[in-house]
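Since the structure comes first, as structure tokens, the remarks are kept for the end.
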Amino acid sequence: MSTALTLSLNAQLAVLGQDTERYTQAVKAIPILTAEAERELADRFYNEQDLNAARMLVLSHLRFVLHIANGYRGYGLPHADIIQEGNVGLMKAVKRFNPTVGVRLVTFAVHWIKAEIHEYILRNWRIVKVATTKAQRKLFFNLRSAKKRLGWMTQQEVEDVANDLGVTARDVLEMEKRLSMHDTAFDAPVDADDDHDSIAPAVYLEDDRYDPAQMIEDEQWENRGQTALYEAFADLDERSQDILQSRWLAEEKATLHELAAKYNVSAERIRQIENSAIKKLKKQITLYA
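Numbered per my numbering, the sequence shown spans residues 18 to 306.
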């Protein structure tokens with residue numbers, strides 16, 4: 018939606034951040050649009066970019082956002098923020114709504130409202146994002162409700178959930194494990210006792226990147242690997258060296274066909290020589306390691 022419309026809505030809905038109950042009362046006081054009135058406002062915004070019409074469409078559907086947001090109270094996140102994210106989804110839906118399609122705005126807006134709420138929850142529920150793929154997102158929101166009824170699931174229940182959601186049993190078990198975990202601060206709290214200190218990650222996770230002994234060892238291993246590579250490369254015949262040099266090390270890398278013309282063989286033969294040389298290098302480096 019435009020900046021002007023967003024600012025107008027923010028001014029009228031500022032009460033949301035202060036008192037959710039007052040906001041709920043204000044939203045429920047806004048009249049519900051009839052199908053004819055909704056179609057007229059949608060036509061005005063769609064055809065004439067009338068921002069006032071868009072504003073009325075958004076305001077009249079805020080109670081619908083509130084209804085959806087109430088279903089996401091159990092995630093430990095501020096309810097006002099969830100509602101506001103749903104409002105953002107509603108504004109995106111109004112912007113994209115085509116009144117000529119023949120459906121009500123509320124039907125079209127469901128996807129956009131839930132998408133914004135889901136994204137907000139996934140960003141803020143844990144420090145580390147627990148769901149990134151489409152299957153993981155589906156599992157995250159469906160498995161939480163299933164676990165409230167089932168607790169720790171049996172193998173049969175895992176398979177049933179996997180079949181219902183169209184994912185693998187392994188995906189279900191992985192998400193169940195992620196849901197059971199909790200964020201942990203790296204350092205122990207200031208007022209923690211000795212027992213808490215002993216379980217803080219800062220105690221048992223060592224950072225040896227700047228340990229002189231480790232730095233010397235890493236440097237020696239790197240030098241050893243480079244020496245092994247140079248010696249293995251020197252053991253190759255001249256043609257294999259030239260092909261690898263032209264294909265991998267030159268600034269302007271040669272093609273198989275260019276090398277085939279140079280050595281008067283087929284491009285497939287150049288590819289075979291290249292692969293054979295690479296295998297010899299790997300084998301020789303492995304022996305040095």
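Every residue gets a Cβ at the ideal spot worked out from N, C-alpha and C, and that includes glycine.
CA-to-CA distance, residue j to residue i, given in whole angstroms
i, j, result
"residue 88", "residue 116", "28 Å"
"residue 47", "residue 187", "47 Å"
"residue 39", "residue 51", "25 Å"
"residue 237", "residue 260", "30 Å"
"residue 176", "residue 103", "33 Å"
"residue 136", "residue 63", "27 Å"
"residue 279", "residue 252", "22 Å"
"residue 184", "residue 37", "38 Å"
"residue 274", "residue 281", "10 Å"
"residue 73", "residue 96", "24 Å"
Member of the options whose CA lies at the smallest distance from the CA of residue i
i, options, result
"residue 139", "154, 126 and 130", "154"
"residue 110", "259, 71, 263 and 192", "71"
"residue 172", "182, 157, 189 and 156", "189"
"residue 126", "108, 242, 118 and 100", "108"
"residue 247", "178, 274, 270 and 297", "297"
"residue 264", "284, 252 and 68", "284"
"residue 156", "192, 132 and 174", "192"
"residue 291", "254, 303, 178 and 302", "254"
"residue 299", "57, 250 and 232", "250"
"residue 131", "81, 178 and 95", "81"
"residue 241", "95, 258, 304 and 73", "304"
"residue 122", "96, 98, 94 and 75", "75"
"residue 56", "118, 94 and 85", "118"
"residue 112", "94, 272 and 68", "68"
8 Å Cβ cutoff met for residue i and residue j
i, j, result
"residue 41", "residue 83", "yes"
"residue 287", "residue 294", "no"
"residue 92", "residue 129", "no"
"residue 77", "residue 100", "no"
"residue 120", "residue 79", "no"
"residue 133", "residue 106", "yes"
"residue 59", "residue 114", "yes"
"residue 301", "residue 230", "no"
Collapsed DSSP secondary structure at residue i in the structure displayed
i, result
"residue 226", "coil"
"residue 243", "helix"
"residue 268", "coil"
"residue 49", "coil"
"residue 282", "coil"
"residue 238", "helix"
"residue 276", "helix"
"residue 78", "coil"
"residue 118", "helix"
"residue 259", "helix"
"residue 66", "coil"
"residue 129", "helix"
"residue 182", "helix"
"residue 58", "helix"
"residue 253", "coil"
"residue 177", "helix"
"residue 36", "coil"
"residue 124", "helix"
"residue 93", "coil"
"residue 171", "coil"
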